[in-house]
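Written out below as structure tokens is the structure these notes cover.
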Amino acid sequence: MRARFLTRSFAVLTTLLCCLAFWNPGCIRQAPSIGTQIKVRVDARDAPRGIFHADLQLPCTAGPLTVVYPKWIPGEHSPTGPIMQLVGVKFSTSGKPVSWQRDMDDMYVFHCDIPENTSFLDISLDYLSPAARFAGGFGNSPNSTGRLLILLWNHLLVYPESESTDNVLCEPSLRLPQGWKFATALSVQGQGDDSVSFEAVSLTRLVDSPVMAGENVRSFPLSNDKNAPVTLDLIGDTPEALAADPSQIMLCSTMVREVDSIFGVRHFHTYHFLVSLSDILDTDGLEHHESTDIRLPERAFLDKSIWKRRSYLIPHEYVHSWNGEFKRPIGLLASDYQQPVQSDLLWVYEGLTRYLDVVLTGRSGLRSPDEVRDYLAWAAGYLDHDRPGRSWRSLRDASVSAQIIYPAPDEWTSWRRGWTDVYDEGALLCLEADATIRELTGGEHSLDDFFRQFFR
């Protein structure tokens, strides 16, 4: 039995390490060769009504021009760019309208002919934030309430077709409702009463840098490292929602230190947990390299039961800054937002992150050791006894099929398999790999040692 266990465990470990060998650097890339420069001016003063406005300006020359709306959004693993919520699209040059046509085959593509003696194309467009989720993806669920908003830049821009997002330089600015405050990982260039301009960044980094704003904002430092500070920013529909207990902040700070002990290095200049607290927004989280967009119920920091259930999102999204942002599977890294991703290694991308969020909730005190073990036992139990779909759909196929599994209904999840399978089965494989390393080294090494080397 021992020999059989070690043989199988060694095979699991070898498979996991071979998969990680095919990972590429993610958001940490070489300095771009700047091509197109786009001014992106967002007016969010109507966000409380569920509508965002944007004015774009990009250089152009006479002749045919094709621009595209972001389709495959990093972290969503699906073609979920909310094209059905893009309205009021108008093209013009020097104040004169320019006609455009949508591509007959791809709804995310717009064609136009630029007239002679033209240097810039002006584009105005609106994004409609829905009142309730109607499809997969963050753009197809609420992004504003009467008192707060989350600005995801990809909802409000187009860019030249076939141009690498690394090579598009954006000059972003934002207008907010009077008196609203904001938080973001972007560097501020200038600020007025209700407006802010940010330093120019690549389109890749802009889409990777959401802005959270609202009437009620409160920030807590989680790390005093001046070279790479970490901040928890809370925004709520009510001031009461921001009344986090000091013990909760201490647990979050402990979690940050525990992540440091695993990876040994921070690959960001600053990091912001952008946590919105509202019962109107969907509970969810989306990873970014220098921030994370976490959406929790309004009373998440006040109700212990909600905090216990949902606080795992904090370490989960933070770990993604290394696993998924600093490095990610080669198939999930594209040069623009129109190319389909190949998600066959999503079980490592999300499974490894799920494993670490479970471990970190225990090490930091967000959950007790018994609660951590109970979760792992529960995950193993439902995968073993409530997933007959594992008889026909492999973990790899569940990963490849993520784009159709994520928006699937709850009915018959056991036979179809669900998106949580990718997370939890991947996590259990990491648990087995960790146990194998400990077994083969007599307890001298663990998966932590591998992470410290791989993600440095």
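Mapping of the sequence shown onto the numbering used here: residues 23 to 478, in sequence order.
We put the beta carbon where it would ideally sit given N, CA and C, even for glycine.
Check	Outcome
Beta-carbon proximity check, G258 vs N238, cutoff 8 angstroms	yes
H75, enclosing beta strand (DSSP E) - first and last residue	73-81
Nearest-angstrom Cα separation, counted from N189 out to N176	16 angstroms
Residues of its chain near S436, where Cβ-Cβ distance is below 7 angstroms and the 5 sequence neighbours each way are ignored	D408, R409, P410, G411
Classification of T463 by the beta-carbon crowding that lies within 10 angstroms, buried from 16 upward	exposed
Of the residues Y181, W202, H467, the one placed nearest C192, counting alpha carbons only	Y181
Own chain, CB closer than 8 angstroms to Y334, minus 5 neighbours either side, in chain order	D379, V380, T383, L388, R389
Beta-carbon proximity check, A235 vs L147, cutoff 8 angstroms	no
DSSP-derived helix/strand/coil call for Y359	coil
Presumed contact (8 angstroms Cβ cut-off) between T314 and L296, rounded CB distance	6 angstroms
Where the beta strand (DSSP E) containing P86 begins and where it ends	85-90
CB of A205 within 8 angstroms of CB of E138, strictly	no
Status (buried if at least 16 other CB within 10 Å, exposed otherwise) for M277	buried
The stretch 277-291 contacting the stretch 55-64, beta-carbon criterion three pairs below 8 angstroms	no
Three-state class that DSSP yields for T305 in the structure shown	coil
Nearest to V109 (by Cα), restricted to the options K118, T140, L150, P119	L150
Alpha-carbon to alpha-carbon, S357 and F348	15 angstroms
S283 - DSSP class collapsed to helix/strand/coil	helix
Residue burial classification, I145 (beta-carbon count within 10 angstroms, cutoff 16)	buried
For T276, the three-state DSSP class (helix, strand or coil)	helix
Nearest to R240 (by Cα), restricted to the options N246, V229, V233, A265	A265
Under the three-state DSSP convention, the category F160 falls into	helix
Span of the alpha helix (DSSP H), counted from its first residue to its last, around W437	435-438
Helix, strand or coil at H99 [DSSP, three-state]	coil
Beta-carbon proximity of K112 to P119, cut-off 8 angstroms	yes
Endpoints, the beta strand (DSSP E) within which H291 is located	Neither: H291 is in no beta strand (DSSP E) and is coded neither H nor E.
At least 3 beta-carbon pairs within less than 8 angstroms: the stretch 209-224 vs the stretch 194-201	yes
Strand pairing of C192, partner residues [DSSP]	I60, V223
For W94, three-class secondary structure by DSSP	coil
Continuous beta strand (DSSP E) assignments of at least 3 residues falling wholly in the stretch 196-245	203-206, 210-213, 217-220, 233-236, 238-245
Closest residue to G448 among D406, W434, Y377 (Cα-Cα distance)	Y377
For C82 and L143, believed in contact at Cβ under 8 angstroms, the rounded distance	5 angstroms
Under the three-state DSSP convention, the category T442 falls into	helix
Coarse secondary structure for L171, derived from DSSP in three states	strand
L78 and I60 closer than 8 angstroms at C-beta	yes
For N345: DSSP bridge partner residues	K349
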